[in-house]
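Numbering (the numbering used here), first residue to last: 3 to 380. C-beta: ideal position from N, C-alpha, C; glycine also. One structure is given here, and the rest of the page talks about it.
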């Protein structure tokens with residue numbers, strides 16, 4: 003099957019959508035499909051063979067973060083040329099309501115189209131204004147996917163229609179590290195706590211964790227905290243004050259380093275305050291064998307099944323976060339059992355399962371469009 007995938011965000015700036023598209027493409031190629039991905043990327047970016055770059059993107063504030071998008075006549079020409087050359091059996095566009103090359107691909111497509119919605123939000127000024135224009139364009143889609151119930155709710159409320167809920171995928175085996183990394187390993191008297199995310203992006207919640215460090219240190223003075231991610235740490239250091247010596251800032255980490263940290267710390271904390279449609283890092287932590295403490299935002303409650311596979315604290319409440327961390331540290335047997343259950347549950351998000359579900363949606367899109375696909379390979 004010839005599959006085209008349109009990525010809305012710049013490939014040179016790592017993000018959840020880009021990782022999702024990369025891993026999906028690799029899984030589909032491994033199953034014998036022919037896949038081409040089009041994405042913005044600055045010149046000189048190291049790209050997989052299946053990615054077709056369209057040049058640099060423009061940073062635009064979006065949903066509490068900064069998205070790097072490509073739009074306009076030049077990009078539209080590149081997209082049209084890519085579609086013509088690819089002659090795809092199905093086109094898969096991600097975040098089609100974002101003004102990006104994915105939207106342009108949808109507008110220009112003549113083959114069956116599947117759209118995936120990743121974003122969850124309560125209100126969007128852009129969508130409120132643009133939805134009358136977007137709905138007719140989205141009617142070109144033969145099938146829609148949302149990565150979570152929250153993402154589905156956002157799409158349905160703003161754009162109508164419905165969507166299959168298929169979660170983000172994770173290569174679970176990549177996070178099954180055989181031995182703990184001594185740099186991040188704790189002891190009963192010196193527990194270790196990890197955080198991963200852009201550290202100067204407010205909705206990732208590092209200030210919430212920073213304010214919880216001192217209360218944890220009152221009971222465990224030798225506790226250590228590891229913070230991985232890009233960004234300016236000055237605000238967190240200001241909040242930490244005298245407790246800053248207990249925190250190690252790792253900066254940007256590789257996938258291998260991320261797996262090493264997640265598999266070795268006693269507790270992984272996800273203090274995000276909102277704007278999350280899923281919670282891919284929670285699944286990665288579950289796969290790694292880390293005990294997860296997460297805010298009680300809906301997306302995280304869905305992944306942890308309301309506390310079955312980790313603990314929740316009240317979102318944006320540092321005192322409650324400290325309380326939950328301390329309770330978890332004091333209950334090693336419960337932590338161990340929860341970790342075992344979570345590792346087993348993580349396999350439902352493995353790409354071996356998720357890609358098969360997506361392929362089923364492709365099949366629906368192709369069949370409802372009346373197209374015949376030669377050499378269909380599952």
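Buried or exposed for residue 35, going by 16 or more other Cβ atoms inside 10 Å? buried
Can we say the region 353–371 touches the region 183–203, given the rule of at least three CB pairs closer than 8 Å? no
If we count Cβ pairs, one from each stretch, closer than 8 Å, do we get three or more for the region 285–294 versus the region 304–314?
Yes, since at least three Cβ pairs between the region 285–294 and the region 304–314 fall closer than 8 Å, the two stretches touch.
Please report the residue range of the beta strand (DSSP E) in which residue 196 lies. 194–198
Practice task
Tell me, to the nearest whole angstrom, how far the beta carbon of residue 37 is from that of residue 5; I am working on the premise that it is less than 8 Å.
Solution key: 5 Å
Buried or exposed: where does residue 22 fall if 16 or more other Cβ atoms within 10 Å of its Cβ makes it buried? buried
Review point. Do you know offhand how far residue 85's Cα is from residue 334's?
Key: So the two alpha carbons sit approximately 55 Å from each other.
Pick from 103, 9, 171, 97: whose alpha carbon is nearest that of residue 76? 103
*Ordered along the chain, which non-local residues of its own chain (more than five positions away) have a Cβ less than 7 Å from that of residue 14?*
43, 44, 47
* To do: For residue 268, count neighbouring C-beta atoms within 10 Å of its own C-beta (all shown protein chains included) and say buried if the count is 16 or more, exposed if not.
  => buried
*asked:* Quick check on this structure: which residue in 300, 317, 169 has the alpha carbon closest to the alpha carbon of residue 275?
replied: 317
**Q.** Beta carbon of residue 358 nearer than 8 Å to that of residue 174
**A.** no
Burial state of residue 91 (16 or more Cβ within 10 Å):
buried
Meets three-Cβ-pair contact criterion under 8 Å: the region 208–225 and the region 252–261: no
With residue 247 as the anchor, note down where its beta strand (DSSP E) starts and where it stops.
It is not in any beta strand (DSSP E) - residue 247 carries neither H nor E in the DSSP assignment.
Please report the straight-line C-alpha distance between residue 298 and residue 57, rounded to a whole angstrom.
Using only the alpha carbons, I get a separation of about 39 Å.
Taking the alpha carbon of residue 413 as the point to measure from, which residue in 74, 143, 284, 246 has its own alpha carbon closest? The requested residue 413 is not part of the displayed model; the chain covers only 3 to 380.
Checklist entry - Using the C-alpha atoms, what's the distance from residue 88 back to residue 195? => result 47 Å
- Message: Quick check: is the beta carbon of residue 179 nearer than 8 Å to any beta carbon in chain B?
- Response: Considering every chain present, this structure includes no chain B. It has just one protein chain.
Terminal residues of the continuous alpha helix (DSSP H) containing residue 321?
-> 320–331
Within 10 Å of its beta-carbon, does residue 190 have 16 or more other beta-carbons around it, so buried, or fewer, so exposed? Burial call: exposed.
Roughly how many angstroms separate the alpha carbons of residue 97 and residue 198, rounded to a whole number? About 24 Å.
| field | Supposed contact pair residue 254 and residue 412 - C-beta distance, whole angstroms, cut 8 Å | value | Outside the shown range of the chain, which is 3 to 380, sits residue 412, and nothing can be said about it.
Residue 234: CB within 7 Å of a non-hydrogen atom of the ligand HEM
Ligands in the displayed structure: none, and consequently the ligand HEM is not present.
Notebook entry, point to check: For the candidate residues 59, 355, 230, 286, whose alpha-carbon lies nearest to that of residue 2?
Noted result: Absent from the model: residue 2. The displayed extent of the chain is 3 to 380, so no value can be given.
Practice problem: Tell me the start and end of each unbroken beta strand (DSSP E) in the region 17–102 that is at least 3 residues and wholly inside, in chain order. | Solution: 36–41, 53–55, 60–64, 67–71, 92–96
- Message: Can you tell me whether residue 215 is helix, strand or coil according to DSSP?
- Response: helix
Self-check item: Closest residue to residue 277 among 262, 287, 50, 301 (Cα-Cα distance)
Solution: 301
Query raised in the report: Less than 8 Å separating the beta-carbons of residue 144 and residue 100?
Result: Result no, Cβ atoms of residue 144 and residue 100 do not sit closer than 8 Å.
* To do: Pick out whichever of 79, 160, 49, 230 has its Cα sitting closest to the Cα of residue 207.
  => Nearest option by C-alpha distance: 230.
- Message: Give me the DSSP bridge partner(s) of residue 4.
- Response: 36
Contact defined as beta carbons within less than 8 Å: I believe residue 121 pairs with residue 153. What is the distance between those atoms, to the nearest angstrom?
6 Å
Are there 16 or more other CB atoms within 10 angstroms of the CB of residue 95, so buried, or fewer, so exposed? Around the Cβ of residue 95, a 10 Å sphere holds 16 or more other Cβ atoms; the residue is buried.
DSSP three-state call for residue 262: helix, strand or coil? helix
Using only the alpha-carbon positions, how far apart do residue 266 and residue 177 sit?
11 Å
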